[in-house]
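Colleague:
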Amino acid sequence: MTVRRFLATLGPGVVWLAAFLVVPAVIMFGYSLLTRTDLAQVGGPWTLENWQRVFGYDALFREWIPDNLRVLWRSLWLAALSTLLCVLMGYPLAFFIARQDDRRKNLLLLLLIIPFWTNFLIRVYAWILILRPFGLVPSMTATFLGMVYAFLPFFVLPVYASVEKVDWRLLEAAQDLGAPPTRAFMSGVFPQTLPGLVAGILLTFIPALGMFVVSDILGGAKTALIGNLVQNQFGQAGDWPYGSALSFLLMGVVLLGLWLYARTAGQKGLEELL
Amino acid sequence: MKSRTHPALTAWAWLTYAFLYLPILVLVVFSFNDSKFGATWAGFTTKWYGVLFAREDVREAVLNTLLVAVTSTAVSTVLGTLIGFGLWRYDFRWRTPLTFLLVMPIVIPDVVMGVMFLMFYAIVRGLLERSGWTYENGFWTVMFAHVTFQISYVALTVRSRLAGYGRELEEAAADLGASPIQSFRQVILPLALPGVLGGALLAFTLSLDDFVVTYFTSGSGFKTLPVLIYTAVKKGVTPDINALSTLLILFTVLAILVANVLLRPRKERA
Chain L
4 MTVRRFLATL GPGVVWLAAF LVVPAVIMFG YSLLTRTDLA QVGGPWTLEN WQRVFGYDAL
64 FREWIPDNLR VLWRSLWLAA LSTLLCVLMG YPLAFFIARQ DDRRKNLLLL LLIIPFWTNF
124 LIRVYAWILI LRPFGLVPSM TATFLGMVYA FLPFFVLPVY ASVEKVDWRL LEAAQDLGAP
184 PTRAFMSGVF PQTLPGLVAG ILLTFIPALG MFVVSDILGG AKTALIGNLV QNQFGQAGDW
244 PYGSALSFLL MGVVLLGLWL YARTAGQKGL EELL
Chain Y
33 MKSRTHPALT AWAWLTYAFL YLPILVLVVF SFNDSKFGAT WAGFTTKWYG VLFAREDVRE
93 AVLNTLLVAV TSTAVSTVLG TLIGFGLWRY DFRWRTPLTF LLVMPIVIPD VVMGVMFLMF
153 YAIVRGLLER SGWTYENGFW TVMFAHVTFQ ISYVALTVRS RLAGYGRELE EAAADLGASP
213 IQSFRQVILP LALPGVLGGA LLAFTLSLDD FVVTYFTSGS GFKTLPVLIY TAVKKGVTPD
273 INALSTLLIL FTVLAILVAN VLLRPRKERA
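Top line first, the protein sequences correspond to chains L and Y.
Quick note: the first sequence uses the numbering used here, first residue 4, plus one each step.
Quick note: the second sequence uses the numbering used here, first residue 33, plus one each step.
#1: What residues from the region 46-64 of chain Y come within 8 angstroms of chain L, judged by C-beta to C-beta, listed N to C?
#2: For the region 45-59 of chain L, which residues have a CB atom closer than 7 angstroms to at least one CB atom of chain Y, in sequence order?
#3: Evaluate A302 (chain Y) with the Cβ neighbour count: other Cβ atoms within 10 Å of its Cβ, from every protein chain shown; 16 or more gives buried, anything less gives exposed.
#4: Using a Cβ-Cβ cut-off of 7 angstroms (strictly less than) and excluding sequence neighbours within five positions of T130 (chain Y), which residues of its own chain qualify?
#5: Measuring straight from C-alpha to C-alpha, what distance separates V174 (chain Y) and Q44 (chain L)?
#6: Going along chain Y in order, which residues have a C-beta closer than 7 angstroms to the C-beta of N235 (chain L)?
#7: Using only CA atoms, which one of Y:W80, Y:T113, Y:A206, Y:M148 lies nearest to L225 (chain Y)?
#8: Quick check on F23 (chain L) - is its C-beta less than 9 angstroms from some C-beta in chain Y?
#9: For F9 (chain L) versus F124 (chain Y), is the C-beta distance shorter than 9 angstroms?
#10: Do G222 (chain L) and M143 (chain L) have their C-beta atoms within less than 9 angstroms of each other?
#11: Whose Cβ in chain L lies nearer than 9 angstroms to the Cβ of W44 (chain Y)?
#12: Which term fits D242 (chain Y), buried or exposed, when burial requires 16 or more other beta carbons within 10 angstroms of its beta carbon?
#13: What are the start and end residues of the alpha helix (DSSP H) that includes F193 (chain L)?
#14: Drop a sphere of 10 angstroms on the beta-carbon of K266 (chain Y), count the other beta-carbons inside from all chains shown, and report buried for 16 or more, exposed for fewer.
#15: Let me check understanding here. Comparing Cα to Cα, which of L:W76, L:W49, L:I131 lies closest to L54 (chain Y)?
#16: Does any CB atom of chain Y fall closer than 9 angstroms to the CB of S218 (chain L)?
#17: With a Cβ-Cβ cutoff of 9 angstroms, do L96 (chain L) and A45 (chain Y) count as a contact?
#18: Report yes or no: is there a C-beta of chain Y within less than 9 angstroms of the C-beta of S190 (chain L)?
#19: How is W67 (chain L) classed by DSSP in three states: helix, strand or coil?
#20: Measuring straight from C-alpha to C-alpha, what distance separates S211 (chain Y) and G231 (chain Y)?
#21: Could you pull the start and end residues of the alpha helix (DSSP H) that T105 (chain Y) belongs to?
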């Protein structure tokens, strides 16, 4: 490709992404090696302290205090649990929609998308009104419920897309060969929905892992999840270097997950997903 | 298609829909509640809508949100379409790194994107101040940040739209005497158009709904609707915010219905 052609097509976008994505990432890495001087002020000396702290070593007390690993663990666990509930609720729903006639199918899809297009914060906030009489706000249960609620449409849509394409003849074939219903489903239908299922799980799990808004509004606690921990460093705690290192930890976990997925599904799987 | 489903599946589906609509229903009901402090019903009123319309900050936030969404969608659609086209048209060595770069804004948690921009803009401000310039975080910082995550969605949508077509198209156009620009405008762009429009719509929606990145890049003087709602939620919501939510929901439903009506005839023709 010639330089001129590059400049005319990919060039402007690549320059943009380099300036607004690569440079900020490099800056963030630089910040993670600096020290907090005053409130929200940053300066020398260069140090690895923030990275040690991320992995639980407290330089001040010279001991292991893996508090934020605990927070990370809790975030992973909560994200996994929310994703699981989305699977339990959303997977059957995708089948229900896919098996309607065309008119009802469109209507049901529309009904699924309307809440999804309604402002996210408003939908989360509404749960305060519902849960308050039960004394459930703020709490981890409320956070969990809010997450499932917020991500359910994200989960159902890709699953629906692959259920739509299912070749039902395989189910009939399995039944003809004498497989009991569960077995027929598991061997005839389930594998065909797998790409959508994985896409849905990633679309739910990744944002759930980095989430700070839902736990902020419904959970109360300031450092409940890793997302809150990051946000807090850039807000009240005013410790940008430490916040930067934590951001890299969060990003690392997400990328690790995607890498593991790409390894099992192959390059093609990842490209199809995106 | 077979429309019979197992009763248990049907029941499960309706329960899930109920779960999705319960909060929305509650918001709508409470926007007509004649009580300032929420949870008890004190009679029907429409006064909160009046209170809402009198709020200048809400009007300004709506305007800001639309301004950012329109501008950033326009910029990202142009840049993203060109990238999508380039990815389809040319072979080049750093194809994989570029794809990786495009995927990043989609997979990086938005809180990380937000703080990344916060620090980046702080550095830029520092540098500019040294050379005598000064600026505040506001429209431009938010708009630039939105473009950055929108580009990927547009580029990938356009690329997957073009993926079905062979490159011979461009060669054929060239053989018939079209310049590269002519073939792009008259052959490629019309084919890519559904992808371009789809990508633009996605970008627009993402911008309208974005809270996290906007929150970290907007500064104190510039509020979009999601940021305003967040502030309201943190302070303790007043019923006029319920009224605002109800209007937004109503607007969404209307927009979807209108889009559906507009799109239907085309679908039947195809």
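No residue lacks a Cβ here, since even glycine has one placed at the ideal position from N, Cα and C.
Modeller: So, to answer that:
#1: T48, Y49, F51, L52, Y53, L54, P55, I56, V58, L59, F62
#2: none
#3: Bear in mind that the predicted position of A302 (chain Y) carries a pLDDT of just 38, short of 50, making it unreliable; the figure below should be weighed with that in mind. Classification of A302 (chain Y): exposed, given that the 10 Å Cβ count is below 16.
#4: One point to set straight first is that residue 130 (chain Y) is Leu, not Thr, in the sequence displayed. Closer than 7 angstroms at the Cβ level, and outside the excluded window around L130 (chain Y), lies no residue.
#5: 23 angstroms
#6: Chain Y residues near N235 (chain L): none, gap ~11 angstroms exceeds 7 angstroms.
#7: The residue from Y:W80, Y:T113, Y:A206, Y:M148 with its alpha-carbon nearest to that of L225 (chain Y) is Y:T113.
#8: Yes, F23 (chain L) counts as interfacial toward chain Y.
#9: yes
#10: yes
#11: Near W44 (chain Y) (Cβ distances below 9 angstroms), the residues of chain L are M92, P95, L96, F99.
#12: buried
#13: 193-213
#14: exposed
#15: L:I131
#16: Not an interface residue.
#17: yes
#18: no
#19: strand
#20: 26 angstroms
#21: 88-121
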